[in-house]
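K.L.:
Note that my numbering has the sequence shown beginning at 26, numbered continuously upward.
Sharing a structure, written as structure tokens. Questions coming.
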Amino acid sequence: MNDTLKVLETRRSCRNFKPDMVKKEELDAILKAGTYAATGMGKQSPIIIAVTDKKLRDEISEENRKIGGWNGDFDPFYGAPVILIVLADKNIPTHVYDGALVMGNLMNAAESLGVSSIWIHRAKEEFESDFGKSILKKLGIEGDYEGIGHCALGYAAEPAKDAAPRKANYIYYAE
Ligand SMILES: Cc1cc2nc3c(=O)[nH]c(=O)nc-3n(C[C@H](O)[C@H](O)[C@H](O)COP(=O)(O)O)c2cc1C
């Protein structure tokens, strides 16, 4: 198996992160990989907000927790110190597909560098709210963006679990 296939097969979601900040060069490489995802008609509809500030990270976690309906102790980002938020321009018909592919690139690039990750949901609701809109405003981001997902990043505090077995009939060969 070549290195790319190995990364694609062995990447697993992390639900227990160390608090240590991701190294800048690793973070930059992961972000760059995200920007090279394929997009419909090459329109590059997504944007990525890289949150490394602890205060903002904790505020987003709190908002995400509330949207998810969990109690006050739960951190939906599992302690990850970095949150990459992918949003995409609603005016582009392929924006959700584009954003999902960026998310995939981010997670696989992270895996290739020994950085753990997980997709955390509810970005759509987050950025429909005044809370999310105020983050965009503070960053000077104008436009009509839909939240696609959060890629939580950090170093794993425990080894990854094995992948679930792949379901039967995942693939059909039409030969
Ligand atoms: C669209 C999407 C949304 C997800 N949202 C969450 C989430 O909010 N919380 C969570 O713990 N995991 C979330 N996950 C991670 C999945 O649970 C995980 O990918 C799945 O169990 C398979 O495990 P693996 O990533 O280790 O292969 C999400 C994954 C995807 C693709």
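Don't be surprised by glycine CBs; every beta carbon is placed ideally from N, CA and C.
Just so we're clear, the structure is a prediction, and the values are computed from it rather than from any experiment.
#1: At a threshold of 7 Å, does I143 count as lining ligand 1 (C-beta to nearest heavy atom)?
#2: Examine the Cβ distances between the segment 145-161 and the segment 173-185 and report whether three or more of them are shorter than 8 Å.
#3: Which residue wins for smallest C-alpha separation from L81, given the options M128, P106, Q69, N41?
#4: Got a sec, what are the start and stop residues for the alpha helix (DSSP H) E209 sits in?
#5: By DSSP, does V111 sit in helix, in strand, or in coil?
#6: For K158 and F152, I'd like the C-alpha separation in whole angstroms.
#7: Considering only DSSP beta bridges, list what I73 is partnered with.
#8: So D123 and D169 are in contact, right, with Cβ under 8 Å, and what is the actual spacing, rounded?
#9: Could you tell me whether the Cβ atoms of E29 and E136 are closer together than 8 Å?
#10: Just grab the DSSP bridge partners of H175 for me.
P.N.:
In short, the structure shows the following:
#1: Translated into the one-based positions of the sequence shown, residue 143 becomes position 118. Correct: I143 has its Cβ closer than 7 Å to ligand 1.
#2: Yes: at least three Cβ pairs fall under 8 Å.
#3: Within the sequence shown, residue 81 is the residue found at index 56, counting from 1. Minimum Cα distance to L81 is reached at P106.
#4: A question about residue 209 goes unanswered here, because the residues of the chain that appear run from 26 up to 200.
#5: Taking the first residue of the sequence shown as position 1, residue 111 is located at position 86. V111: strand per DSSP, three-state reduction.
#6: Numbered from its first residue, the sequence shown carries residue 158 at position 133. Numbered from its first residue, the sequence shown carries residue 152 at position 127. If I take the Cα positions, the gap works out to 6 Å.
#7: Indexing the sequence shown from 1 puts residue 73 at position 48. V111, per the DSSP bridge assignment.
#8: For the purposes of this step, residue 123 is taken as the residue at position 98 of the sequence shown. For the purposes of this step, residue 169 is taken as the residue at position 144 of the sequence shown. Cβ-Cβ separation between D123 and D169: approximately 14 Å, too far for a contact (criterion under 8 Å).
#9: Position 4 of the sequence shown, counting from 1, holds the residue named residue 29. Position 111 of the sequence shown, counting from 1, holds the residue named residue 136. One detail in the question is off: residue 29 reads as Thr in this sequence, not Glu. Not in contact: T29 and E136 (Cβ atoms no closer than 8 Å).
#10: For the purposes of this step, residue 175 is taken as the residue at position 150 of the sequence shown. In DSSP, H175 forms a bridge with I110, I145.
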